[in-house]
Amino acid sequence: MTYSRLFCVAALLLMAACASPSKRFERQATELGFDKQERLGEGFIHTLFKNRVSQHSSRLHVYLGGDGTPWLGGKFVALDPTPRDPVGLRLMALDANPSVYLGRPCYHGRYNTPACSPLLWTHQRYSTAVVESMAVVIEKLLESGGYQDLVMVGFSGGGGLAMLLAPKLPQTRQIVTLAGNLDIEAWSDFHDYDPLEGSINPSVQPPLDAAIQQFHLAGGKDTNIPPWMVEAAVEKQPNGQFITFEEYGHGCCWEEIWKSMLQCLAESCEWSHQQSPAISAHP
């Protein structure tokens with residue numbers, strides 16, 4: 003191989019390594035067979051990814067990802083907060099139901115648009131503006147697809163957003179959170195972070211309607227959002243199941259149980275009927 007070719011190969015590898023989080027996320031979504039789309043919310047354009055399911059269904063699954071990387075090194079605001087580890091995408095790849103991964107305002111390469119400010123992915127990441135804009139997009143998706151029932155799946159910070167979105171979306175039938183940040187005050191205190199001023203704390207909101215079936219999954223080895231933090235928030239909910247997977251961490255290994263969880267959702271089951279020795283459940 004000539005030096006010029008070696009240089010080109012090295013340059014391509016460097017460019018791939020330096021690709022922005024939003025570009026890497028989009029590439030992984032494409033590899034998983036998802037279609038990228040855009041929808042206007044309340045003052046923000048949202049990027050979303052849809053699976054290719056031809057079967058008709060009255061039910062839409064909406065996946066909500068984590069906070070991504072709002073800060074670099076805990077000190078500097080990240081230019082692109084898009085998640086580096088697309089847990090939600092990998093879960094949606096296992097879902098045969100009509101499903102959408104909904105990006106937040108200013109994520110997925112939209113951080114430099116006029117409506118965006120770093121506050122919206124740092125201190126105000128769970129603000130009224132964020133929640134209302136996402137709710138508008140979900141309403142449009144439900145209406146355009148003729149869906150009557152909504153299932154929301156939230157990973158990490160997406161779990162907290164699912165709890166905040168549900169009261170605004172009467173079509174909500176089920177919620178699943180995985181390592182969900184359901185009490186942002188307890189979380190910031192635990193890590194000695196600055197309070198998320200301007201954000202809404204899901205834990206201090208009124209309990210959700212008892213008709214909404216809730217599953218809240220936690221990893222026994224999660225050092226970011228430990229199980230006790232999730233359990234304390236779930237205790238306030240009238241129809242919430244708290245389930246600990248003792249060997250799981252924060253981002254690992256939710257794909258292992260996801261098909262079983264989807265089957266449980268389809269049957270409106272109690273997860274305790276599905277238990278294994280690695281799982282402890284507290285209805």
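No gaps in the numbering here: position 131 of the sequence shown is 133 in the working numbering, and each next residue is one more.
Glycine is no exception: its CB is placed at the ideal position from the N, C-alpha and C atoms.
All figures in this text were calculated on a predicted structure; none of them were measured in a lab.
Subject >> Limits of the alpha helix (DSSP H) - the one that residue 130 falls within >> reply: If you number the sequence shown from 1, residue 130 lands on position 128. First-last of the alpha helix (DSSP H) with residue 130: 130-147.
**OP:** Could you pull out every residue in the same chain whose Cβ sits closer than 7 Å to the Cβ of residue 34, ignoring the five residues on either side in sequence?
**Re:** As a working mapping, residue 34 is identified with position 32 in the sequence shown. Only 91 and 95 meet the Cβ criterion.
**OP:** List the endpoints of the continuous alpha helix (DSSP H) containing residue 173.
**Re:** Working through the sequence shown from its first residue, we reach residue 173 at position 171. Here residue 173 belongs to no alpha helix (DSSP H), and DSSP marks it neither H nor E.
Original post:
When the Cα of residue 145 is compared with those of 249, 172 and 239, which residue comes out closest?
Top reply: Taking the sequence shown and counting its residues from 1, the one referred to as residue 145 is at position 143. When C-alpha distances from residue 145 are compared across 249, 172 and 239, the shortest belongs to 172.
**OP:** Check whether the region 54-64 touches the region 113-123, counting contact only when three or more Cβ pairs, one atom from each stretch, lie closer than 8 Å.
**Re:** No: fewer than three Cβ pairs fall under 8 Å.
**OP:** Compute the Euclidean distance between the alpha carbons of residue 179 and residue 266, then round it to the nearest angstrom.
**Re:** Taking the sequence shown and counting its residues from 1, one reaches residue 179 at position 177. Taking the sequence shown and counting its residues from 1, one reaches residue 266 at position 264. Take the alpha-carbon of residue 179 and the one of residue 266: they are about 14 Å apart.
Subject >> CA-to-CA distance, residue 56 to residue 190, given in whole angstroms >> reply: Looking up residue 190 in the sequence shown gives position 188. Looking up residue 56 in the sequence shown gives position 54. So the two alpha carbons sit approximately 43 Å from each other.
Original post:
If you count every other CB in all the chains shown that lies within 10 Å of the CB of residue 2, and 16 or more means buried, which is it?
Top reply: Residue 2 lies beyond the stretch modelled for the chain, which goes from 3 to 285, so this question has no answer here.
**OP:** Assign residue 193 to buried or exposed, taking buried as 16 or more other Cβ atoms, counted over all protein chains shown, within 10 Å of its Cβ.
**Re:** Residue 193 sits at position 191 when you count from the first residue of the sequence shown. With fewer than 16 Cβ atoms within 10 Å of its Cβ, residue 193 is classed as exposed.
**OP:** Compute the beta-carbon to beta-carbon distance between residue 162 and residue 147, rounded to the nearest angstrom, for a pair I have assumed lies under 8 Å.
**Re:** Residue numbering aside, residue 162 sits at position 160 when the sequence shown is read from its first letter. Residue numbering aside, residue 147 sits at position 145 when the sequence shown is read from its first letter. Under the criterion of beta carbons closer than 8 Å, residue 162 and residue 147 do not qualify as touching, at roughly 25 Å.
Subject >> Span of the beta strand (DSSP E), counted from its first residue to its last, around residue 55 >> reply: Residue numbering aside, residue 55 sits at position 53 when the sequence shown is read from its first letter. Annotation: residue 55 is outside any beta strand (DSSP E) and is labelled neither H nor E by DSSP.
Original post:
Per DSSP, what kind of secondary structure is residue 158 in: helix, strand or coil?
Top reply: As a first step, residue 158 must be located in the sequence shown, where it is residue number 156. DSSP places residue 158 in coil when its eight states are reduced to three.
Original post:
Residue ranges of each beta strand (DSSP E) run of no fewer than 3 residues wholly in the region 45-126, ordered along the chain?
Top reply: The qualifying runs are 47-52, 61-66 and 101-104.
Original post:
Thinking C-alpha only, which one of 40, 37, 29 and 97 is nearest residue 85?
Top reply: Stepping through the sequence shown from its first residue, residue 85 is reached at position 83. Of the listed residues, the one whose Cα sits closest to residue 85 is 29.
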